[in-house]
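Only one structure is covered here, and it is reproduced in the block below.
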Amino acid sequence: MRKEEFDYISDFVADMNNDETVVRILKQNYAFNFTNADFEKLDLSIFDKKFYLDFATSNILAAYAPFLDIIINILNDAKINVSDLMEKLDIYSLNRNLFTSYALTNVATHIEEPILGEKAYNQSRFIDDLVKLMEYICKTKKVFILLNNVNQICDSSLSILNKFIKKDNKNLKIFIITNAMGNVREYIKNEYNDFIEESSYLGIVYEWPLSGFLDESETKTTLYISNTQDDINKLETLFNTYAYRQAEYYLTIIYEKIEIEKLLTKDFFKFQILNLYVMTSIFMENYSHALILCKKLIGLNYPKDDDAKLFNYNKSLSLTNMYMGNEEKAYEHAEKCHEIAKKTGEEKDIFVSMLLLNMSQLGGWKDIWVCDKEIDVSERLIELCYKYSYYNHLSHILVYDFDNEADLYTTPDGVEQRTVNTTKGISIAKHLDNDFFLFEAYRKNVMVSSINGHYETSNYFYNKAIEIVRHNHDKMEEANIYNGLGYNNVTEGNYEKANEYYNQALKIFYDEGSSDYITETLYNMGTNALLAGDYGNATNYLMTVSQIIQYLRKSRIRVCNNSKIYCLLAISSFKQGNFFTAQVYANKSEHFLMYAKKYLDDDPSYGHQWDDDTFLYYIVSAQIAMKNNDYEKAKECFKESEFYMARSQGSYFLNFALYSMEKITLLELLGEKEEREKLIDKAYEYFASYNTAKANYYKNLKEKNVPAMPYLNISLKDVTIDEIMSFIKIESVSHEAYIKDSQIKFFGTFQELASNSYTSPQHQLYTLVENFKNNFRVDNMLYVSFEKSGPVIKYSDFEYEISEDEINFIAKYLKNNSTGFAVSQFSDTYYDYEKIIKIFDRSRLFSIMCAPVFNNDILQSFCITLIKVNSAWNSVVYRDTVERKDLDVFNLFFRLLIDASEKYQLNEKLRKQAITDELTGLMNRQGYYSTIEKKLNTALIENRSFSCAFLYIDLDHFKYYNDTFGHHVGDAILIRFSEIFKTVCENTKGFPVRFGGDEFLIIIEDGTIDQVKEIVNNIYKFIEKEDGFSKIVQKYSLEEIEIPASSRATCSIGADLKTNITSMLQVGEMEKHADESLYYIKEHGRGSMITYEDYLKTIK
46 MRKEEFDYIS DFVADMNNDE TVVRILKQNY AFNFTNADFE KLDLSIFDKK FYLDFATSNI
106 LAAYAPFLDI IINILNDAKI NVSDLMEKLD IYSLNRNLFT SYALTNVATH IEEPILGEKA
166 YNQSRFIDDL VKLMEYICKT KKVFILLNNV NQICDSSLSI LNKFIKKDNK NLKIFIITNA
226 MGNVREYIKN EYNDFIEESS YLGIVYEWPL SGFLDESETK TTLYISNTQD DINKLETLFN
286 TYAYRQAEYY LTIIYEKIEI EKLLTKDFFK FQILNLYVMT SIFMENYSHA LILCKKLIGL
346 NYPKDDDAKL FNYNKSLSLT NMYMGNEEKA YEHAEKCHEI AKKTGEEKDI FVSMLLLNMS
406 QLGGWKDIWV CDKEIDVSER LIELCYKYSY YNHLSHILVY DFDNEADLYT TPDGVEQRTV
466 NTTKGISIAK HLDNDFFLFE AYRKNVMVSS INGHYETSNY FYNKAIEIVR HNHDKMEEAN
526 IYNGLGYNNV TEGNYEKANE YYNQALKIFY DEGSSDYITE TLYNMGTNAL LAGDYGNATN
586 YLMTVSQIIQ YLRKSRIRVC NNSKIYCLLA ISSFKQGNFF TAQVYANKSE HFLMYAKKYL
646 DDDPSYGHQW DDDTFLYYIV SAQIAMKNND YEKAKECFKE SEFYMARSQG SYFLNFALYS
706 MEKITLLELL GEKEEREKLI DKAYEYFASY NTAKANYYKN LKEKNVPAMP YLNISLKDVT
766 IDEIMSFIKI ESVSHEAYIK DSQIKFFGTF QELASNSYTS PQHQLYTLVE NFKNNFRVDN
826 MLYVSFEKSG PVIKYSDFEY EISEDEINFI AKYLKNNSTG FAVSQFSDTY YDYEKIIKIF
886 DRSRLFSIMC APVFNNDILQ SFCITLIKVN SAWNSVVYRD TVERKDLDVF NLFFRLLIDA
946 SEKYQLNEKL RKQAITDELT GLMNRQGYYS TIEKKLNTAL IENRSFSCAF LYIDLDHFKY
1006 YNDTFGHHVG DAILIRFSEI FKTVCENTKG FPVRFGGDEF LIIIEDGTID QVKEIVNNIY
1066 KFIEKEDGFS KIVQKYSLEE IEIPASSRAT CSIGADLKTN ITSMLQVGEM EKHADESLYY
1126 IKEHGRGSMI TYEDYLKTIK
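Numbering (the numbering used here), first residue to last: 46 to 1145.
Below is the structure:
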């Protein structure tokens, strides 16, 4: 570095002490190269501590480098008890062990595993805690940090700098040097650019003023993998401190080096890398990749203990599936974990498996919306939560698994005493200072209260939730509170007040760019407008919801099914006098509800999901029947609706209002005055307690005044429908781009998967199909190939059998409709494919895709996939609807699947041909060398010794047979000898090789001299039984021939044994020794075996 450059930096550093700004950034363009040696020359004598870090390194950057290490370094130097400090500074309870363990072992570890749904909250708290610790240190120490080449920073470190650029501190100075033209890590490029932009806005970025340019530009650093525990420790700490993106960044590079570049690593190291990669993929919500990695994990030869390996494998699969929403599969793998844990008796494993069993029933507690499942919780699980200090998990169990009965929430007075376990769970969350879950716990109580009509209790818990939201300044949760308060005001008939709350929520969601919550709020506003009698706005809001669903291709919104939206649209349209539109929407929901109804008897819990929809369908059907003067049908519809209205207590405020108004009209038309009066009385009594406007309506009706509901204008305030739809259209483009990006990633992964090694074509097919299903949320798939023998089902995971007649019916249809189809329940063309859809009626079908493959107009194969109606009502698992354009991607996948299968089979054939002797079917010379090298490398990676016995075999008198009886007899002799060699190797770790001509090898892994002698003795016994192979000769010569004793075929064998082989050179030596021994025995008698050891003794 030139003197003038160094002097400028020295002055720059000195000037930083003139104010309290923490961070200053010096931006250059390949102008100079600052080093650690230059740093040491700086005059930093006024500082107590100084630290230097260059981000342009080929090593793995530590978590939150250098800040976490600086904190621990200073605390350890000062001999400060880290555990006591955690308490003093009120560090988040679930993060305390991360700091204390890192101080002790240089690896940050949890006492309790984190919960995926809390990852953003946990990371935010950890960053705040780290900043808090840094500021605490700087109360008594002046600290200077120079960060070089910050353009190559990682995201965990950047998250800390983003905090400090907005802070002042006279004792902490962070000097940043960055290269504006230098490399930036791709995964963090946007965040880095935002950081520089914001820093510029804050006035802390300075341009390098001196002239000059380096001769050499910055080279992109290549990650160096040391294969040491230090690398593992860094990666574990990244994962455990919630730096998931950084962990994923490094793990992806390491994984590619292992898989693609064939980096030689021990199975122990590979296991740790893969295990971390699986967990990181889960927490990055890249579930399909996690499933692929699980397959890799189970294929390792580590851990040696099969039970430990299977437990870890099933635990990973259980977590992956539970967060994907595949609750059944998650529970299945959790059960396997539990069986293994009970077998081994490991208490911690038993506990973990019990947790998995519990969590898998509620989607890992991620995005829980309605908690209506009865989950059995054993006292043992509670005890073990306390024993292993899993207090956060315990609080979730107590809140979600208990106290879900409606009658516990009838009134807010004494509700905490009635909900003992939930209250205990909330108390634990408060003690942990887990505001995130505390809010979720209150929300659970809100939902249980409100869906069962206990709105006063709901408001009580909303007020508790508001305190948390205000404390944390969380705008999204504030908007959710407004939505909830709006809902409660609707139930009480305060429609205008509800509209005010909904408008507040809508404005926040619009500003925050949350399409899902915008849709939900508009749905709430539509329901509110319908009850308030503002049918125009009701239709407008609900129509917008319908359009958003179509644009974003959603199968439902969180609070209801699409069929409910269509029913509400039909009712509001009818009220406006748009009878044709009402009929269209009624029909749209009818076919879906009638389809779903088939499964209600089999699964009552499933049926509850459709109570509101079915009720509303019968109401609109009654309206239409009355319009058509079909009063008997209207009566039937009202009767049918009553069952679903009674069962859907949470929506009773809406359903009873619609029911009573419409049925009173029917009773008046029928002249049934007494029944009409009874219903008016019932309605008045119901609404009198909380809905004054509706109570007055029924009072006037009872007193035979002309009733009129006051007109209320339930309008939008701060956001227009046009503005919302403009945003949604942009969002839909982003959504489609996201889908396309996911598809591109999938096909990249697919190609990688297709090129992997598999045990069989079926293994390859199963893996590729499962990967496709997981990526595209497909539930079932049928793949049929038409072969000479007829249709062959290559893959089917349906719970029922698809018959040959049904397959032939599908084939006949496809021959006349060669393009295939993709359709969902709400598609206008759904019933165009009714006959094929009927075959799959036994599934809860929501969407279906069918792709045929033709060759010269002949149907070669077809593939059908199904997406079922979502059965998980307690959590939010969205499913995109399928459209015609999706068929292109599906067709591509299916053709790639067929190509991959054919390529695999061809490659297997070629590979076997390349390493197999065509005449004998034994492994050839090439196959031998590749096999022995692979076995040696495997042993080296697994850190175990490799030993083997080597038999070099040469046939005696073979030339006599070949010359006397012809090559066809010679070939037959070679085939028979190969059969003998294969037979003697059975039940051993040995394998025979045709080395060339009439030379053979037998390799026995871990072979002993006793095994060698046994195999050799068996060879000669078989040869003796052949009687000079006279039967083979007679078969080809067609006459009886006596083989002279001196010309009878036998073999000579030279053998060598070696232990602790570490290289192919040693294998070559063994081969040479066996060859020398063989040459000796050929010269001294033939027809017998000598070992190299005996040969050396003989020639001395």
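We treat Cβ as the ideally placed atom computed from N, Cα and C, and that holds for glycine.
Residue i bridges to which residues according to DSSP?
i: Pro-1037; result: Ile-1047
i: Leu-175; result: According to DSSP, Leu-175 bridges with nothing at all.
i: Glu-252; result: Lys-72
Taking the Cβ atom as the reference point for each residue, do residue i and residue j lie within a distance shorter than 9 Å?
i: Ala-375; j: Trp-253; result: no
i: Phe-907; j: Phe-817; result: no
i: Gln-291; j: Leu-106; result: yes
i: Asn-285; j: Ala-153; result: yes
i: Thr-584; j: Ser-618; result: yes
i: Asp-1008; j: Arg-1131; result: no
i: Ala-379; j: Asn-357; result: no
i: Tyr-294; j: Tyr-232; result: yes
i: Ala-615; j: Gln-809; result: no
i: Thr-150; j: Ser-128; result: no
i: Leu-576; j: Val-590; result: no
i: Gly-558; j: Phe-885; result: no
i: Tyr-1006; j: Ile-1018; result: yes
i: Leu-178; j: Tyr-147; result: no
State buried or exposed for residue i, treating a residue as buried only when at least 16 other CB atoms are found within 10 Å of its CB.
i: Met-570; result: buried
i: Met-639; result: exposed
i: Ile-41; result: Coverage of the chain is limited to positions 46 through 1145, which leaves residue 41 absent and any answer about it impossible.
i: Arg-515; result: exposed
i: Ile-789; result: exposed
i: His-518; result: exposed
i: Ala-1100; result: buried
i: His-1013; result: exposed
i: Ala-782; result: exposed
i: Glu-677; result: exposed
i: Gln-971; result: exposed
i: Lys-218; result: buried
i: Leu-319; result: buried
i: Ser-202; result: buried
i: Ala-691; result: exposed
i: Ser-204; result: buried
Just the C-alpha distance for residue i and residue j, rounded to the nearest angstrom, thanks.
i: Val-1224; j: Leu-859; result: Shown here, the chain extends from 46 to 1145; a query on residue 1224 therefore has no answer.
i: Ala-917; j: Gln-654; result: Caution applies to Ala-917, whose pLDDT of 45 falls short of 50 and renders its modelled position unreliable; the value that the coordinates give is listed next. C-alpha separation (whole angstroms): 9 Å.
i: Lys-1127; j: Ser-1097; result: 6 Å
i: Ser-363; j: Phe-821; result: 19 Å
i: Leu-120; j: Ser-503; result: 47 Å
i: Leu-1046; j: Pro-1089; result: 27 Å
i: Ile-1016; j: Glu-963; result: The residue you asked about is not Ile; residue 1016 is Asp in the sequence shown. Computed Cα separation, rounded: 11 Å.
i: Asn-606; j: Asp-561; result: 14 Å
i: Met-131; j: Leu-296; result: 31 Å
i: Val-195; j: Leu-98; result: 9 Å
i: Met-1134; j: Thr-325; result: 57 Å
i: Ala-574; j: Asn-758; result: 8 Å
i: Ser-361; j: Asp-351; result: 15 Å
i: Asn-78; j: Ala-101; result: 12 Å
i: Leu-981; j: Gln-950; result: 27 Å
Quick one: any contact between the region 875 to 882 and the region 832 to 849, if contact means 3 or more CB pairs under 8 Å?
-> no
Three CB pairs or more closer than 8 Å across the region 442 to 454 and the region 470 to 483 | yes
Any 3 or more C-beta pairs closer than 8 Å across the region 397 to 409 and the region 421 to 432 = yes
Touching or not, the region 897 to 904 and the region 658 to 669, by the rule of three or more beta carbon pairs under 8 Å?
-> no
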